[in-house]
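**Student:**
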Ligand SMILES: Nc1ncnc2c1ncn2[C@@H]1O[C@H](COP(=O)(O)OP(=O)(O)O)[C@@H](O)[C@H]1O
Ligand SMILES: [Mg+2]
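Residue numbers (this note's numbering): 3 to 254.
#1: Taking the C-alpha atoms as reference points, what is the distance between residue 184 and residue 101?
#2: With three or more beta-carbon pairs closer than 8 Å as the criterion, would you say the segment 39-47 touches the segment 141-157?
#3: Can residue 161 and residue 194 be called in contact, C-beta distance under 9 Å?
#4: Within 8 Å: the Cβ of residue 191 and any heavy atom of ligand 2?
#5: What runs of the beta strand (DSSP E), each 3 residues or longer, lie entirely inside the segment 172-201?
#6: Counting C-beta neighbours from all protein chains within 10 Å, is the total for residue 111 16 or more, i.e. buried, or is it exposed?
#7: Can you give, in chain order, each stretch of the alpha helix (DSSP H) that sits fully within the segment 43-82 and has at least 4 residues?
#8: Pull up the distance between the alpha-carbon of residue 213 and that of residue 115, whole angstroms please.
#9: Just to confirm the assignment, what range does the beta strand (DSSP E) spanning residue 211 have?
#10: Cβ of residue 195 versus every heavy atom of ligand 2: is any distance shorter than 8 Å?
#11: What is the residue span of the alpha helix (DSSP H) that residue 224 lies within?
#12: Give me the Cα-Cα distance between residue 7 and residue 22, rounded to the nearest whole angstrom.
#13: Report yes if the CB atom of residue 159 is closer than 9 Å to the CB atom of residue 198, and no otherwise.
#14: Is residue 212 near ligand 2 - that is, is its Cβ less than 8 Å away from at least one heavy atom of it?
#15: Can you tell me which residues fall inside 7 Å of ligand 1, judged by beta-carbon distance to its nearest heavy atom, and keep chain order?
#16: Mind checking which residues open and close the beta strand (DSSP E) that includes residue 245?
#17: Taking residue 200 and residue 150 to be in contact with their CB atoms under 8 Å, please state how far apart those CB atoms are, rounded to whole angstroms.
#18: First and last residue of the beta strand (DSSP E) that includes residue 167?
#19: The beta strand (DSSP E) spanning residue 141 covers which residue range?
#20: What span of residues does the beta strand (DSSP E) with residue 145 cover, start to end?
#21: Note down the Cα distance separating residue 78 from residue 171, rounded to an integer number of angstroms.
#22: Over the uninterrupted alpha helix (DSSP H) stretch that includes residue 110, give me the two end residues.
#23: Could you give the distance in angstroms between the alpha-carbon of residue 109 and the alpha-carbon of residue 167?
Below you can see the structure in the form of structure tokens.
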């Protein structure tokens, strides 16, 4: 007589299929993430997972081989951690933004919105000619974007590189902040960790917390961004710029 097996314990054929096809090790992703990932493959954005680039508190970043729809060799997948409770404190960024009025604020919904928000912010950045990864696609907690790097090596973060031309790079970072501002956005987490350097050119990443200028704290976030980046360039390279002057330059 066949034993009854509860549905929850039955091996999941879909999970197995995705694991096999995309060479993802069993148990790396939860079921919902697997389902979201499946779409990234069926939409031909990605054809194979390669390896992890970064493991973060809120998201893991993977290098993947691109699918037919992407005109590049590699794609970056940022996969937001569904179980992450530190997202709770992030509701502040979403709630005050007029673009997200009347939304649900449970963790899963916040993460979905966060992912969509990073996609949307990257899209705005790209349109405003900000040097940032081009967003390709998002679904649930999975975001696909342009890989910034050389061959399969990701570009280094600003902190881990010794610049030959710090003044020029700082000017470009400020120019990017200005373009973002003209496109109605403040990054909100500009630092030596969220800027990649490729061929001496800065790329702004990690823009999920970016808020529109209608956000009540947009101005505080902008001032904090400027303060952080100027502090870094002063400490490491002795480049000295006036905070208030830079803020008004960005707003002009
Ligand atoms: N588009 C990209 N191309 C290359 N590397 C990336 C890209 N996006 C993120 N990374 C790498 O992944 C790390 C974490 O990404 P980030 O978006 O800053 O997420 P978080 O800080 O929330 O973990 C970055 O420091 C960088 O090394
Ligand atoms: Mg980051």
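No residue lacks a Cβ here, since even glycine has one placed at the ideal position from N, Cα and C.
**Tutor:** If we stick to the structure as given:
#1: Those two C-alpha atoms are separated by around 17 Å.
#2: Counting C-beta pairs closer than 8 Å gives three or more between the segment 39-47 and the segment 141-157, which meets the contact rule.
#3: The Cβ-Cβ distance between residue 161 and residue 194 falls below 9 Å.
#4: Closer than 8 Å to some heavy atom of ligand 2: that describes the Cβ of residue 191.
#5: Taken in chain order, the complete beta strand (DSSP E) segments of 3 residues or longer contained in the segment 172-201 are 197-200.
#6: Within a 10 Å sphere around the beta-carbon of residue 111 sit fewer than 16 other beta-carbons, which makes this residue exposed.
#7: Entirely contained in the segment 43-82, not one alpha helix (DSSP H) run reaches 4 residues.
#8: Here the alpha carbons of residue 115 and residue 213 stand approximately 13 Å from one another.
#9: Run containing residue 211: none; DSSP gives neither H nor E here.
#10: Checking the Cβ of residue 195 against ligand 2 gives yes.
#11: Unbroken alpha helix (DSSP H) run through residue 224: 220-239.
#12: Unreliable positioning characterises residue 7 in this predicted model, as indicated by a pLDDT of 46, which lies under 50. The coordinate reading is nonetheless provided below. Spanning the two alpha carbons is a distance of roughly 24 Å.
#13: In contact: residue 159 and residue 198 (Cβ atoms closer than 9 Å).
#14: Every heavy atom of ligand 2 is 8 Å or more from the Cβ of residue 212, so no.
#15: Listed along the chain, these residues meet the criterion: 55, 56, 58, 59, 60, 61, 63, 78, 80, 135, 147, 148, 149, 150, 151, 156, 157, 159, 195, 196, 198, 207 and 208.
#16: If you look at residue 245, you'll find it isn't in any beta strand (DSSP E); it sits in the alpha helix (DSSP H) that goes 245-253.
#17: Their Cβ separation, rounded to whole angstroms, is 6 Å, which keeps residue 200 and residue 150 in contact under 8 Å.
#18: No beta strand (DSSP E) holds residue 167; DSSP gives it neither H nor E.
#19: Residues 137-141.
#20: 144-148 is the extent of the beta strand (DSSP E) around residue 145.
#21: Here the C-alpha atom of residue 78 lies approximately 24 Å from the C-alpha atom of residue 171.
#22: Run containing residue 110: 109-129, per the alpha helix (DSSP H) assignment.
#23: Cα atoms of residue 109 and residue 167: separation of roughly 42 Å, rounded to the nearest angstrom.
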